[in-house]
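Numbering (the working numbering), first residue to last: 134 to 328. Cβ coordinates follow ideal geometry from the N, Cα and C atoms, glycine included. What follows is a single structure, written as structure tokens, with notes after it.
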């Protein structure tokens, strides 16, 4: 792992099937919207060995949602939870997520949402580029991701937070991590699980 800059990390890893799915999908997504990947896939991307059936992402909005859907179909993807393009977009504007997978498959899938909370918008504005051998993905602030995983609080989420914290501890912005721990009210979990 090489920290190229404050917002760019180069990973030297063998890309797995999930990585290839993500890289292929974001090549389409980035042509149509500003995006950021958050949550569990971030830990998997950095080497945590666990399965995941979905990849969570926020998008600022689509420049042209019909063009995005058309390219999805052309490239062999489908929206799992809504057949109508208009209804899929309405779901997004209503604060719900749409799920997108390769045609005829249910997983892995991308769960795409519009941002709602301040932390969602922060993730979109403070993205980190992670470069792999065959492409790049944009993930949210690592400090926020760790704190948010503690906030979610399931065993899997705590293990994701612990993995990222231990791996990146020397490179994390301690003040930023402390801020998000305070904002999300997870100081006790931080002290119990990460220290």
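- Residue 136 sits exposed, since fewer than 16 C-beta atoms from the chains shown fall within 10 Å of its C-beta.
- Here DSSP, grouped into helix, strand and coil, assigns residue 244 to strand.
- DSSP places residue 268 in no alpha helix (DSSP H) but in the uninterrupted beta strand (DSSP E) bounded by 268 to 272.
- Residue pairing of residue 138 in beta bridges, as defined by DSSP: 141.
- Minimum Cα-Cα distance from residue 194 among the listed residues 232, 226, 291, 181 corresponds to 226.
- Secondary structure note for residue 262: its beta strand (DSSP E) is the uninterrupted segment 261 to 265.
- Within 10 angstroms of the beta-carbon of residue 229 lie fewer than 16 other beta-carbons, which makes it exposed.
- DSSP, read as helix, strand or coil, puts residue 193 in strand.
- Excluding its 5 nearest sequence neighbours in each direction, residue 192 has C-beta neighbours in its own chain below 6 Å: 166, 168, 245, listed in chain order.
- Taking the C-beta atoms as reference points, residue 314 is found no nearer than 8 Å to residue 298.
- The alpha-carbon of residue 249 is positioned some 29 Å away from that of residue 300.
- Around the beta carbon of residue 325, fewer than 16 other beta carbons sit within 10 angstroms, so the residue counts as exposed.
- In the three-state DSSP reduction, residue 289 falls in the helix class (H, G or I).
- Residue 203 has its alpha-carbon roughly 42 Å from the corresponding atom of residue 319.
- Only residues of its own chain outside the window of five on either side were considered, and among them 262 have a CB closer than 6 Å to the CB of residue 141, listed in chain order.
- CA-CA distance, residue 295 to residue 211, rounds to 34 Å.
- Taking 3 residues as the minimum length, the beta strand (DSSP E) runs contained wholly in the segment 205 to 258 are 210 to 212, 231 to 235, 242 to 246, in order along the chain.
- DSSP places residue 188 within a strand segment (E or B) once states are collapsed to three.
- The C-alpha of residue 196 lies about 31 Å from the C-alpha of residue 149.
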